[in-house]
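In UniProt numbering, the protein residues as written are 1 to 235.
Reading through the structure tokens given below for one structure.
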């Protein structure tokens with residue numbers, strides 16, 4: 001029966017598998033030193049020093065008192081101080097809005113759905129020397145993979161038709177394929193609605209702004225997809 005294994009990260013970016021016996025021996029040796037700043041507080045971090053195969057020391061930081069493993073980092077939208085300030089101003093100016101006010105907003109957005117390829121976040125457990133093992137390899141497309149882009153809008157009590165965008169979206173295509181045939185009639189059926197769109201180039205193009213000059217629109221801070229409920233629909 002195989003023993004339970006643990007992993008250590010080495011400079012050559014490969015995993016080495018340690019058995020329970022080696023792990024017990026390593027705990028008492030000077031090659032692995034764990035110094036905890038606090039044993040009862042999650043606000044502190046343990047600094048773990050593990051000696052690699054080349055004799056140098058690698059440093060890790062893990063939450064105090066927890067078992068950790070190598071994971072993909074969480075991704076987020078890069079924001080500058082200006083972006084943060086504008087987002088905060090946008091939220092403060094609408095802090096007094098109630099549910100009725102938000103029910104009058106028509107949120108719109110595009111999203112592209114990729115057909116086939118993975119999201120590059122697959123992780124595998126492997127031993128040293130098994131990097132090219134077929135069970136640990138994921139095929140990746142170099143060229144842009146096939147996909148479909150769609151546009152849609154939704155409000156509290158209704159939603160628009162889901163439109164498939166078959167060509168590269170430009171300001172003119174946005175007007176002719178989305179705004180004129182769909183957004184116009186959709187807003188006419190909802191008097192008093194406020195139209196929202198992000199700051200993508202087709203949305204801010206002059207031809208699109210001219211079409212929406214008689215429509216009440218909701219100002220939108222840059223790099224703020226998380227403020228729109230349509231992101232939850234795409235997810």
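Beta carbons are placed, not taken as given, at the ideal position from N, Cα and C, and that holds for glycine.
May I have the straight-line CA-CA distance separating residue i from residue j, to the nearest angstrom?
i	j	result
residue 93	residue 193	18 Å
residue 221	residue 182	24 Å
residue 153	residue 164	13 Å
residue 17	residue 126	Summary for residue 17: the model assigns pLDDT 49, below 50, so the residue's position carries little reliability; its value from the coordinates is reported in the next sentence. If you take the alpha carbons of residue 17 and residue 126, they lie about 8 Å apart.
residue 172	residue 137	43 Å
residue 185	residue 85	36 Å
residue 112	residue 150	6 Å
residue 109	residue 123	31 Å
residue 80	residue 204	21 Å
residue 200	residue 189	26 Å
residue 198	residue 135	42 Å
residue 82	residue 88	10 Å
residue 187	residue 158	11 Å
residue 226	residue 234	12 Å
residue 90	residue 231	18 Å
residue 166	residue 177	10 Å
residue 191	residue 160	15 Å
Could you check where the alpha helix (DSSP H) with residue i kicks off and where it finishes?
i	result
residue 207	206-211
residue 99	99-103
residue 151	Counting along the chain, residue 151 falls outside any alpha helix (DSSP H), though it belongs to the beta strand (DSSP E) covering 147-154.
residue 91	81-93
Is the separation between the beta-carbon of residue i and that of residue j shorter than 8 Å?
i	j	result
residue 146	residue 169	no
residue 202	residue 107	no
residue 218	residue 148	no
Within the same chain, show all residues whose beta-carbon is closer than 6 Å to that of residue i, passing over the 5 residues directly before and after it, in chain order.
i	result
residue 215	195
residue 77	223
residue 103	156
residue 207	171, 172, 175
Note down, in chain order, each residue of its chain lying with its Cβ closer than 7 Å to the Cβ of residue i, except the 5 sequence neighbours on either side.
i	result
residue 29	With a pLDDT of 48 at residue 29, under the threshold of 50, the modelled position of that residue is not reliable, and the figure given next carries that caveat. Here the set comprises nothing.
residue 162	150, 152
Return the first residue and the last residue of the beta strand (DSSP E) that residue i is part of.
i	result
residue 165	163-165
residue 197	That residue, residue 197, is in no beta strand (DSSP E); it is neither H nor E in DSSP.
Within the same chain, show all residues whose beta-carbon is closer than 8 Å to that of residue i, passing over the 5 residues directly before and after it, in chain order.
i	result
residue 179	208, 211, 212
(message) Within 8 Å, do at least three Cβ pairs link the region 97-113 to the region 129-136?
(response) Contact between the region 129-136 and the region 97-113 is not established, with fewer than three Cβ pairs separated by less than 8 Å.
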